[in-house]
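Enquirer: First the structure, which I've put down as structure tokens, then a few questions once you've had a look.
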Amino acid sequence: MNLCIDTCAYVALKKGNTSVISLLEAARTLLVPTIVLGELYAGFYIGSRTSGNITELHEFLDQPDINIKGPDNDIAERYGIIIKELRQKGSPIPTNDIWIAATALETGARLLTLDKHFEQIPGLILIYPL
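Final position of the sequence shown in the numbering used here is 144; the numbers increase by one with none missing.
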């Protein structure tokens, strides 16, 4: 199974959430959207453990089955479609999460998250850790 991870799932991993750990170990490929990296780095630079958190992130990203995925034309177009759908429903969600969802949809990955608002996005397959 291909998984795309969002920021809260990475944080849960670092806190030792055994369900997240098991799901990541079972994944064939793990996609980390650049948007997630941006959110993580922002939190690291605001926080008090900047260096340690960055080192841990780099060690995580250096694993062989981890792929960083940035927005390309297909992801950008999917982002636009999602924005339109959410506006029509009157169900906005955070902009960064729309980018993360677009990445998962365009790559055919399931999204590992703890955020329920992703349920507003049609076609997105969500995995919630226990």
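All C-beta atoms, glycine included, are put in the ideal place defined by N, C-alpha and C.
In this text, all values refer to a predicted model and were calculated from it rather than measured experimentally.
Pick out whichever of Lys29, Val46 and Glu70 has its Cα sitting closest to the Cα of Ala123.
Expert: The count along the sequence shown starts at 1 and reaches residue 123 at position 109. Answer by Cα proximity: Val46.
Enquirer: Look at the Cβ atom of Ala41, then the Cβ atom of Leu17, and state whether they are nearer than 8 Å.
Expert: Within the sequence shown, the letter at position 27 stands for residue 41. Within the sequence shown, the letter at position 3 stands for residue 17. The answer is yes: Cβ separation under 8 Å.
Enquirer: Starting from Cys18, follow its DSSP beta bridges and name the residues at the other end.
Expert: For the purposes of this step, residue 18 is identified with residue 4 of the sequence shown, where counting begins at 1. In the DSSP output, where bridge partners are listed per residue, Cys18 has Leu45 and Leu125.
Enquirer: Just grab the DSSP bridge partners of Asn81 for me.
Expert: Your numbering for residue 81 matches position 67 in the sequence shown. DSSP output for Asn81 lists Leu45 as bridge partner(s).
Enquirer: Can you find the residues in the same chain that come closer than 8 Å, C-beta to C-beta, to Gln134, ignoring five residues on each side of it along the sequence?
Expert: Within the sequence shown, residue 134 is the residue found at index 120, counting from 1. Within the same chain, Gln134 has close Cβ partners Leu100, Lys103, Ser105 and Ile107.
Enquirer: Is it right to say Ile112 is buried, meaning 16 or more other beta carbons lie within 10 angstroms of its own, or is it exposed?
Expert: Looking up residue 112 in the sequence shown gives position 98. So Ile112 counts as buried.
Enquirer: Tell me which residues share the same chain as Val34 and place their Cβ nearer than 8 Å to its Cβ, disregarding the 5 neighbours each side in the sequence.
Expert: Residue mapping note: residue 34 aligns to position 20 of the sequence shown, counting from 1. Here the set comprises Ala23, Ala26, Leu27, Leu126 and Pro143.
Enquirer: Of all the options Thr69, Ile95 and Ala116, which has the alpha carbon lying nearest to the alpha carbon of Leu54?
Expert: As a working note, residue 54 is residue 40 in the sequence shown. Selected option, being the one with the closest Cα: Thr69.
Enquirer: Using the DSSP secondary-structure output, state which residues sit across from Leu140 in a beta bridge.
Expert: Mapped onto the sequence shown, residue 140 falls at position 126. Per DSSP, Leu125.
Enquirer: For a test of the three-state rule: what should DSSP assign to Asp111, helix, strand or coil?
Expert: Within the sequence shown, numbered from 1, the residue matching residue 111 stands at position 97. Helix.
Enquirer: Are Ala115 and Phe132 touching if we call contact CB-CB under 8 Å?
Expert: Residue numbering aside, residue 115 sits at position 101 when the sequence shown is read from its first letter. Residue numbering aside, residue 132 sits at position 118 when the sequence shown is read from its first letter. Yes, the pair counts as a contact, with Cβ atoms nearer than the cut-off.
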